[in-house]
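Numbering (mature numbering (1 follows the signal peptide of the UniProt record, and there is no 0)), first residue to last: -26 to -1, 1 to 299.
All C-beta atoms in this analysis are idealised placements derived from N, C-alpha and C, irrespective of residue type, glycine included.
Since the model is a prediction, treat every value here as computed from it, not as a measurement.
Since the structure comes first, as C-alpha cells, the remarks are kept for the end.
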C-alpha cells in the first residue's frame, strides 16, 4: 500500500471532494448516507475491497475503471454490472472486456450480510472505487451515497458515451463536457491510467504500420515485443507507471507524459493543448494537489445522472434486477 497522506492533506482532499459534490447536478446524494439504515455499510465495502486488492493488486484499477464506465453510460446506476437476461438481452458488459465483476459481487455479498436489501450496487461500486484510491494510492476522501440501481443495460448505449484511447484532446474535452465534467476533471481522472493493465488491441494503433512519433522510442520497442503485429491480443503491464509500480495510483503518469512514456493517444494528446499541458505540469509537480483534484473529480463523476429516492431499485445481487427477468 502506498504511504497515507497526512492529516492536513486529508482535510484538503475532503474539502475538494465536498466542493465537487456541490458542483454536481445531483445534490440529492449525501455523505454518510447509510448512517442510520446501515452504519457498517462503508466499512464492509472497505474491508472487502482491501482484501481483494491485497490478493490481486491489479484489482484497484479494475474497480476504478468499472466505476468510470458505469457513470459514463446511463449514469452511475450499476448498469455495467447487469448480466444477460430476457429484459436485458445485450447488456453493456458484452461490449467491453472489463475485469472485476465477480469481485464486485463479493463486495456486495459482504454488505448484504450486514444489511440485506439496503445498499445499492451503484453505491458499492462508488465506495469500492474510492477505497481503491486509498489502498493503491495512499489517500482517502469521502464519497457520497444514495444512488439507486437501474433496471436496464444496453451495449448500444456505450457507443458515443465512452471516451476512446485514440481520441484527441478536444474530443476528450467534449466527451467529458457532455457529462458535466471539465477539462480539469479530464486531466485529473486521466491519472487513473497510472495503474492497472491493458490489452494489445488498445496499444497496437500507435505501433503499426509505423510507431507514433510522440511515443518514446524505448517504450515503443518494448511494446512491439509484447504486442507483435498480427499477434494475439495479450495483456500488457501498464508502462505508464513502470518507473515505480504499475499497481500504484500516483502522479507518475504526468511525469511520463513529458517523456512520451504513456500507452494511449488519449494520454499523450493531453500535452498538445496549452491549457491541458499546463494542468499536466501542475499535477506532475504537486502530488498532493493532484490527489485533491482526483478526489474531487471522482466524486463529481459519481454524481452523473444518478437515480435517487424511489427511482430504480436496490438490487439483491448486482448481476440481475430483483425481478430476475
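With C-beta atoms as the reference, is residue i less than 7 Å away from residue j?
{"i": "residue 85", "j": "residue 15", "result": "yes"}
{"i": "residue 295", "j": "residue 120", "result": "no"}
{"i": "residue 7", "j": "residue 106", "result": "no"}
{"i": "residue 278", "j": "residue 134", "result": "no"}
{"i": "residue 77", "j": "residue 129", "result": "no"}
{"i": "residue 168", "j": "residue 226", "result": "yes"}
{"i": "residue 41", "j": "residue 136", "result": "no"}
{"i": "residue 23", "j": "residue 143", "result": "no"}
{"i": "residue 267", "j": "residue 162", "result": "yes"}
{"i": "residue 19", "j": "residue 98", "result": "yes"}
Cα separation between residue i and residue j?
{"i": "residue 132", "j": "residue 28", "result": "31 Å"}
{"i": "residue 148", "j": "residue 93", "result": "33 Å"}
{"i": "residue 150", "j": "residue 239", "result": "16 Å"}
{"i": "residue 181", "j": "residue 198", "result": "7 Å"}
{"i": "residue 111", "j": "residue 224", "result": "6 Å"}
{"i": "residue 43", "j": "residue 72", "result": "9 Å"}
{"i": "residue -22", "j": "residue 116", "result": "Confidence at residue -22 is low in this model, with a pLDDT of 47, below 50, so its placement is unreliable and the value that follows should be read with caution. Their backbone Cα atoms lie some 14 Å apart in a straight line."}
{"i": "residue 35", "j": "residue 191", "result": "26 Å"}
{"i": "residue 265", "j": "residue 113", "result": "7 Å"}
{"i": "residue 293", "j": "residue 95", "result": "9 Å"}
{"i": "residue 235", "j": "residue 26", "result": "29 Å"}
{"i": "residue 203", "j": "residue 80", "result": "38 Å"}
{"i": "residue 261", "j": "residue 219", "result": "16 Å"}
{"i": "residue 74", "j": "residue 33", "result": "7 Å"}
{"i": "residue 288", "j": "residue 156", "result": "30 Å"}
{"i": "residue 290", "j": "residue 60", "result": "18 Å"}
{"i": "residue 357", "j": "residue 248", "result": "The displayed coordinates of the chain run from -26 to 299. Any statement about residue 357 would go beyond what the structure contains."}
{"i": "residue 31", "j": "residue 62", "result": "32 Å"}
{"i": "residue 66", "j": "residue 54", "result": "6 Å"}
{"i": "residue 179", "j": "residue 186", "result": "8 Å"}
{"i": "residue 58", "j": "residue 91", "result": "22 Å"}
{"i": "residue 17", "j": "residue 2", "result": "22 Å"}
{"i": "residue 259", "j": "residue 87", "result": "44 Å"}
{"i": "residue 13", "j": "residue 188", "result": "50 Å"}
{"i": "residue 166", "j": "residue 145", "result": "19 Å"}
{"i": "residue 263", "j": "residue 269", "result": "10 Å"}
{"i": "residue 254", "j": "residue 138", "result": "19 Å"}
Take residue i as the anchor and find which of the options has the nearest alpha-carbon.
{"i": "residue 177", "options": "169, 193 and 18", "result": "193"}
{"i": "residue 271", "options": "236, 72, 209 and 103", "result": "103"}
{"i": "residue 10", "options": "24, 31 and 89", "result": "89"}
{"i": "residue 286", "options": "125, 113, 32 and 58", "result": "125"}
{"i": "residue 256", "options": "273, 209, 59 and 229", "result": "229"}
{"i": "residue 64", "options": "237, 127 and 259", "result": "127"}
{"i": "residue 205", "options": "232, 236, 173 and 22", "result": "173"}
{"i": "residue 56", "options": "123, 158 and 139", "result": "123"}
{"i": "residue 153", "options": "4, 165 and 280", "result": "280"}
{"i": "residue 209", "options": "188, 184, 237 and 233", "result": "237"}
{"i": "residue 83", "options": "21, 146, 51 and 157", "result": "21"}
{"i": "residue 4", "options": "290, 276 and 60", "result": "276"}
{"i": "residue 274", "options": "54, 159, 12 and 91", "result": "159"}
{"i": "residue 52", "options": "100, 164 and 91", "result": "100"}
{"i": "residue 39", "options": "91, 58 and 164", "result": "164"}
{"i": "residue 200", "options": "171, 188 and 187", "result": "171"}
Going by DSSP, name the residue or residues bridged to residue i.
{"i": "residue 281", "result": "122"}
{"i": "residue 209", "result": "173"}
{"i": "residue 291", "result": "294"}
{"i": "residue 4", "result": "119"}
Report buried or exposed for residue i, applying the criterion of at least 16 other Cβ atoms within 10 angstroms of its Cβ.
{"i": "residue 245", "result": "buried"}
{"i": "residue 332", "result": "Past the boundaries of the shown model lies residue 332; the chain is included only from -26 to 299, so the question cannot be answered."}
{"i": "residue 299", "result": "exposed"}
{"i": "residue -7", "result": "Low confidence applies here, because residue -7 scores a pLDDT of 47, under 50, leaving its location unreliable; read the following figure in that light. That one is buried."}
{"i": "residue 242", "result": "buried"}
{"i": "residue 140", "result": "exposed"}
{"i": "residue -1", "result": "Here residue -1 scores only 44 on pLDDT, less than 50, and its place in the model is too uncertain to base an answer on."}
{"i": "residue 297", "result": "exposed"}
{"i": "residue 252", "result": "exposed"}
{"i": "residue 118", "result": "buried"}
{"i": "residue 232", "result": "exposed"}
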